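To keep things clear, I will list the structure first and then write my remarks on it.
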Amino acid sequence: MTGPGPTWEAVIGLEIHVQLATASKAFSASAVRFGAEPNTLTDPTVLGLPGALPVFNRRAAELAVRLGLAVGAHVRPRSRFARKHYFYPDLPKGYQISQFDEPICEGGAIDLLRGDEIERVPLTRIHLEEDAGKSSHLGGNQLVDLDRAGVPLVEVVTEPALRSAADAAELMRTLHRLVRWLGIGDGDLEKGQLRCDANVSIRPAGTTTLGTRTELKNINSFRFVHDAVSHEIARQIRIVSAGGRIVRETRLWDADLGASATMRTKEEADDYRYLPDPDLPPLVVSEAALAAARAALPELPTARFTRLRGLGLTGDDARQLLGERAIGDYFDAALAALPAAAMAGGGAKLLANWMLGELAAARTSSGHDLTGGPLPAPHLAHLVGLIVDGTLSGKLGKEVFAEAYRTGVDPAAIVDARGLRQISDEAELERIAATVLAANQGSVASFRAGKEGLLGFFVGQVMKATAGRANPAVTQAVLRRLLSGSNPD
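Here is the structure:
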């Protein structure tokens, strides 16, 4: 990774909060729902009323374990909840239920795809916690909505292993894809379902001692994490280069201003007065539960990337097919329906081209999803198979695709109904080509005089005579043979 300049190297670690896809909150039965009327999804536990006791939502643990296994983390058989004390209006209890010294997952790594290479970014931990409410300002008043308070989160903490703003944005993007891939959360950035804090410091390039770090908050998009980290790196270099000293603090990123401002002096762990939560028992993950979770894992993005590259796809094509799990699943379903002969003829690469080209464009214009859309995966496989075996030309393939996407009819049936099968019979093409040459004697003479560019004209005339059904490669070979003779007919 490259640093911010020839003198200074950035050291970046991320803390990414992921809202888990549960129906109810982490420690109570209140529903989890975005967009409800403010303060309607609360209960005594969320509000911190006397006598209310938390009861842990086991579904949150199942989702956290799934993520931990996917990143190769160690899932602790026994973890504990702790109270993290701080005082904000959006935290009615005066503490947040989180995990401290015994998190549910430790270690692991997130894989970043770099061209054809896979780069591993190590993780420190993944722990469970509850979300806080949401504060907003109206005029001179601070408004608090506690509907989000108590929503279950996992916090994914990386090692300080990132070296650029681009790396930070790519890691956040990769985790977002993994969260959706595993089905543990929607990761909707606009709804605050995936948020990032970035710890940034600088040090002289080539050294290993960590500098004083600042924490950036309020980062809820890939662009914002890139911009916020870039700005902070430049700010720290500017201060140190002028002989100043970096202060350990928390800064709030303002995307509208493109700048950060001091939020508070950075707390240490002692400042939060972490205490084991006496109202919650240890969280136990049995070997049986762990084995079941491991068996239920889908093929992960990195493994799928490697497999797709093995099929002859470019790294760029493979990465695009990993954009959403549904896209890769559709490709696999189409691949399974592709004839063996088509596979041997480069069908996998052609299938990817059609998916990322014609199908992607059709989906964009129509708004259709892949699942339940008008073109089932086997239909696309049939179309590609017809092109690979020479039954259908690429040009007519686009016409057939458009009709199949519009009507839902299998491309093979469309080809038969419209008589579109490509003409590859040499005898038939020779007869048609001879007629074309006989009708264009002047052009034939010019070709034989050295204007070989006219071959394309002759091919076009044969295509016109066959309504586009002539096999271009066979047509060209037949024309060359006829034109090399003394008599075009």
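Here this note's numbering is used: the first residue of the sequence shown is -9, the next is one more, and so on.
All C-beta atoms in this analysis are idealised placements derived from N, C-alpha and C, irrespective of residue type, glycine included.
As the structure is a prediction and not an experimental result, all values here were calculated from the model.
Contacts around residue i, its chain only, beta-carbon distance under 6 Å, and the 5 residues preceding and following it disregarded
i, result
"E348", "F391"
"V274", "R68"
"D246", "none"
"W(-2)", "I192, I227"
"A26", "D137"
"E420", "V468"
"F24", "K181"
Pairwise C-alpha distance: residue j and residue i
i, j, result
"R238", "M253", "11 Å"
"P194", "G201", "9 Å"
"S88", "H117", "7 Å"
"G335", "D121", "53 Å"
"S191", "P67", "34 Å"
"A402", "Q412", "12 Å"
"S14", "V141", "8 Å"
"L410", "L382", "7 Å"
"L469", "F212", "55 Å"
"P(-6)", "I2", "Confidence in P(-6) is poor, its pLDDT being 48 and thus under 50, which makes the residue's placement unreliable; the coordinate value appears in the next sentence. Taking the straight line from one Cα to the other gives about 12 Å."
"G432", "V452", "17 Å"
"D479", "V449", "Model confidence at D479 stands at a pLDDT of 47, short of 50, so the residue's coordinates are unreliable; what they give is reported in the following sentence. Rounded to the nearest angstrom, the two C-alpha atoms are 16 Å apart."
"E514", "Q183", "Outside the displayed range of the chain (-9 to 479) lies residue 514, so it cannot be described from this structure."
"E389", "R396", "11 Å"
"A481", "A21", "Nothing can be reported for residue 481: it is not among the residues displayed for the chain, which extend from -9 to 479."
"N461", "S414", "5 Å"
"I174", "P28", "25 Å"
"L39", "G98", "38 Å"
"A218", "N208", "10 Å"
"H369", "A327", "9 Å"
"I317", "D244", "35 Å"
"P150", "G300", "33 Å"
"A51", "E289", "21 Å"
"T296", "Q310", "13 Å"
"V426", "T465", "12 Å"
Simplified DSSP assignment, three categories, for residue i
i, result
"K15", "coil"
"S69", "strand"
"P82", "coil"
"H358", "coil"
"Q89", "coil"
"A481", "The structure shown does not extend to residue 481, since the chain spans only -9 to 479, so no value can be given for it."
"R49", "helix"
"R104", "strand"
"P34", "helix"
"I422", "helix"
"S220", "helix"
"E27", "coil"
"L39", "coil"
"P44", "coil"
"A281", "helix"
Identity of the residues DSSP links to residue i by a beta bridge
i, result
"V147", "E5, R115"
"T255", "E239"
"I209", "C186"
"V274", "R68"
"V134", "S125"
"K74", "Q86"
"P142", "E120"
"L152", "I2"
"I192", "A0"
Cβ separation of residue i and residue j, assumed to be a contact under 8 Å, to the nearest whole Å
i, j, result
"G302", "A338", "6 Å"
"T292", "I404", "With 8 Å as the limit, T292 and I404 do not qualify as a contact, their Cβ atoms being about 38 Å apart."
"E5", "V147", "5 Å"
"G123", "D80", "3 Å"
"D307", "L346", "6 Å"
"E96", "R115", "5 Å"
"A60", "L165", "Between L165 and A60 the Cβ distance is about 10 Å, and since that is not below 8 Å, they are no contact."
"Y264", "K74", "6 Å"
"P272", "R70", "5 Å"
"R56", "A249", "R56 to A249, Cβ: 38 Å. No contact."
"G524", "P364", "Since the displayed the chain opens at -9 and closes at 479, residue 524 lies outside it and no answer follows."
"L102", "V111", "6 Å"
"E205", "D187", "6 Å"
Beta-carbon contacts of residue i that lie in its chain and below 8 Å, excluding the five residues immediately before and after
i, result
"M(-9)", "Interpretation of M(-9) is limited by its pLDDT of 43, a score under 50 that renders its predicted location unreliable; the figure taken from the coordinates is listed afterwards. These residues qualify, in order along the chain: L152, R153, S154, D157."
"D379", "P329, A331, A332, G335"
"F437", "L444, L445, F448, L473"
"N47", "T12, S14, K15, A16, F17, P142"
"L341", "F321, A324, L325, L328, L370, A371, V374"
Residues near residue i by beta carbon distance below 7 Å, same chain, minus five either side
i, result
"R203", "N189, V190, S191, R238"
"P34", "A42"
"G62", "G98, A99"
"L242", "K207, N208, S250, A251, M253"
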